[in-house]
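Everything below concerns the one structure shown next.
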Amino acid sequence: MKNKIIWITGATSGIGEELALHLSSLGAKIILSARRVEELERVKSKCKNEVLVLPLDLSENKRFDEKVNKVIAHFGRIDVLINNGGISQRSLVSETALEIDRKIMEVNYFGNIALAKAVLPIFQKQKSGQFVIISSLSGKFGFFLRSAYSASKHALVGFYESLRLEEETHGIKVSIVFPGLIKTSISQNALSKDGKSHGELDENQAKGISAKKCAQQIINGIEKEQLEIFAGAGELKAVTLKRLFPKLFHKIIRKQNPT
Ligand SMILES: NC(=O)c1ccc[n+]([C@@H]2O[C@H](COP(=O)([O-])OP(=O)(O)OC[C@H]3O[C@@H](n4cnc5c(N)ncnc54)[C@H](OP(=O)(O)O)[C@@H]3O)[C@@H](O)[C@H]2O)c1
Numbered sequence: 020m021k022n023k024i025i026w027i028t029g030a031t032s033g034i035g036e037e038l039a040l041h042l043s044s045l046g047a048k049i050i051l052s053a054r055r056v057e058e059l060e061r062v063k064s065k066c067k068n069e070v071l072v073l074p075l076d077l078s079e080n081k082r083f084d085e086k087v088n089k090v091i092a093h094f095g096r097i098d099v100l101i102n103n104g105g106i107s108q109r110s111l112v113s114e115t116a117l118e119i120d121r122k123i124m125e126v127n128y129f130g131n132i133a134l135a136k137a138v139l140p141i142f143q144k145q146k147s148g149q150f151v152i153i154s155s156l157s158g159k160f161g162f163f164l165r166s167a168y169s170a171s172k173h174a175l176v177g178f179y180e181s182l183r184l185e186e187e188t189h190g191i192k193v194s195i196v197f198p199g200l201i202k203t204s205i206s207q208n209a210l211s212k213d214g215k216s217h218g219e220l221d222e223n224q225a226k227g228i229s230a231k232k233c234a235q236q237i238i239n240g241i242e243k244e245q246l247e248i249f250a251g252a253g254e255l256k257a258v259t260l261k262r263l264f265p266k267l268f269h270k271i272i273r274k275q276n277p278t
């Protein structure tokens with residue numbers, strides 16, 4: 020990681036913050052992005068190496084080429100883009116207005132891929148670069164109250180698996196990350212049916228591994244250039260269970276606490 024130029028979105032809290040701190044301590048130079056500038060400055064002050072603070076809103080995703088130009092003007096290259104920023108959901112399909120579905124897709128999917136499309140010409144010119152995409156176990160299977168969230172995380176998988184096939188001969192790597200339950204503010208910040216914040220740390224979330232441990236697992240996978248990186252604990256077994264025994268998986272998951 021030493022001297023690698025690594026751009027992290029969603030860097031103001033949770034997994035993104037811990038990735039920034041850990042990668043910086045390994046000698047990487049970091050670009051920190053999210054909406055809250057004062058929080059980006061706070062994370063910067065904890066980093067050990069050079070940092071560029073570059074605020075961006077994933078829902079305002081039409082001019083990301085300007086952000087990329089700023090990074091290139093500062094560092095001259097980009098080695099890794101960690102597309103981590105995102106927002107979750109806690110609302111039933113039957114009570115969620117379509118505009119909330121669109122909002123979640125705009126941040127988690129369109130914002131994410133818009134940044135990747137702006138970075139792609141740089142990776143192509145360099146003939147190297149790694150996209151690291153934070154999907155979710157919800158990108159492997161649906162769950163109560165997360166219809167749009169789960170759809171956005173599945174959509175990322177389809178997009179980036181296609182991108183990988185198209186670009187791997189140009190030296191471009193894609194690693195897709197599937198975190199399980201990680202104890203962060205994701206459930207507090209999740210959108211409820213009226214677009215307001217859910218505001219609660221869910222019981223399941225509270226039982227998750229720490230963001231720090233999650234970041235270590237992700238960095239391990241980035242270094243190995245794994246195609247799929249799983250981060251979490253026992254809940255990850257659900258992926259194998261669904262693949263091998265889909266009916267049994269359904270019987271078990273429908274009995275889970277829907278928070
Ligand atoms: N925690 C889990 O259990 C879990 C499990 C699976 C996947 N994930 C995924 O991991 C990623 C990080 O989540 P987290 O758990 O670390 O939650 P978090 O603490 O709530 O962090 C979310 C980050 O995304 C940023 N963000 C939200 N909306 C944004 C927008 N419109 N534009 C730019 N940045 C935005 C937030 O920064 P600002 O508010 O400053 O913009 C924040 O830095 C997400 O993609 C999430 O879906 C988390």
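Heads up, the sequence shown is in the numbering used here, so the first residue is 20 and it goes up one at a time.
Backbone N, C-alpha and C define an ideal beta-carbon position, used for all residues, glycine too.
Grab the span of the alpha helix (DSSP H) containing residue i for me, first residue to last.
i: V258; result: 256-263
i: N239; result: 230-242
i: P140; result: 131-145
i: K172; result: 166-186
i: S64; result: 56-65
i: G33; result: 33-44
i: E125; result: Unbroken run through E125: none, as it is neither H nor E.
Is it the case that the CB of residue i approaches a heavy atom of ligand 1 more closely than 7 Å?
i: G227; result: yes
i: A39; result: no
i: I153; result: yes
i: D76; result: yes
i: R262; result: no
i: T278; result: no
i: Q6; result: Outside the shown range of the chain, which is 20 to 278, sits residue 6, and nothing can be said about it.
i: V126; result: yes
Locate the beta strand (DSSP E) running through residue i, then write down its first and last residues.
i: A250; result: 247-250
i: T28; result: 24-28
Any beta carbon of chain D sitting closer than 8 Å to that of residue i?
i: I201; result: Among the chains in the structure shown there is no chain D, since it carries only a single protein chain.
Using DSSP bridges, identify the partner residues of residue i.
i: L210; result: Q108, S216
i: V72; result: L51
i: G148; result: I191
Item checked: At least three beta-carbon pairs within less than 8 Å, the region 101-112 to the region 127-135 -> yes
Checklist line | At least 3 beta-carbon pairs within less than 8 Å: the region 34-51 vs the region 255-264 | finding: no
Check: Mind pulling the beta strand (DSSP E) runs of 3 or more residues that sit fully within the region 76-115?
Finding: DSSP runs (the beta strand (DSSP E)) wholly in the region 76-115: 99-102.
Next item on the list: May I ask you to verify whether the region 112-129 touches the region 218-233, counting CB pairs closer than 8 Å and requiring at least 3?
Entry: no
Check: Given 8 Å as the limit, is there contact between the region 154-172 and the region 182-189, that is, 3 or more CB pairs closer than that?
Finding: no
Notebook entry, point to check: Counting Cβ pairs closer than 8 Å, one from the region 234-246 and one from the region 143-156, do we hit at least three?
Noted result: yes
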